[in-house]
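Engineer: Numbered per my numbering, the sequence shown spans residues 10 to 143. Even glycine gets a Cβ: it sits at the ideal position worked out from N, Cα and C. This one's a predicted model, so the numbers in the text were calculated from it and none came from an experiment.
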Amino acid sequence: MTHKITSPTLVVMSLLLAAILSTSCDDVKTNSSSPGSPSTQSTPAPSPKTGIEADLAYVRKGQYTYVWVFSRKDGKPLDGNDGAFLKTNAPQVVDWVTSDPGKKYVVAGTNFDLAKGNLELLKKRFNVEDYTGK
């Protein structure tokens, strides 16, 4: 008893075979280097930014014109009163960021020059560092 293969079945089988062969015959490169050929050296991935570096990078991605860092003069962590004071006296700041577990600083991003606002008042209570353009 012979089986007759129909034309559509033959086309499907041919396409399937072509697909299998095309995916299994990729040019595979090995890591072994032969003498005389340059060896590939991988550069280590940069370590992820943490703390203030990560916060500064986050604010800079916001493309703010001015970036400021505020911390308490006594070195203690910022508290709710400090946050309220900053938000009240620097209402032009769009982004306040901190990931420091002790919240010893806050990074501020704004398009307003705080020197034309209440910067001097803020400097009386906080250490203020200008990271604009740094």
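Mind the definition here: the segment 78-91 touches the segment 128-137 only if three or more C-beta pairs lie below 8 Å; say whether that holds.
Structural biologist: The segment 78-91 is in contact with the segment 128-137.
Engineer: Taking the alpha carbon of K125 as the point to measure from, which residue in V78, D88, Q101 has its own alpha carbon closest?
Structural biologist: For the residues V78, D88, Q101, the minimum Cα distance to K125 belongs to Q101.
Engineer: Who does A117 pair with in a DSSP beta bridge?
Structural biologist: Paired residues: W77, W105.
Engineer: So, helix, strand or coil for N136, using DSSP?
Structural biologist: Of the three classes helix, strand and coil, the one that applies to N136 here is strand, per DSSP.
Engineer: Going by the CB atoms, is the gap between D109 and R118 shorter than 8 Å?
Structural biologist: The residue asked about is misnamed: residue 118 is Gly in this sequence, not Arg. The answer is no: Cβ separation not under 8 Å.
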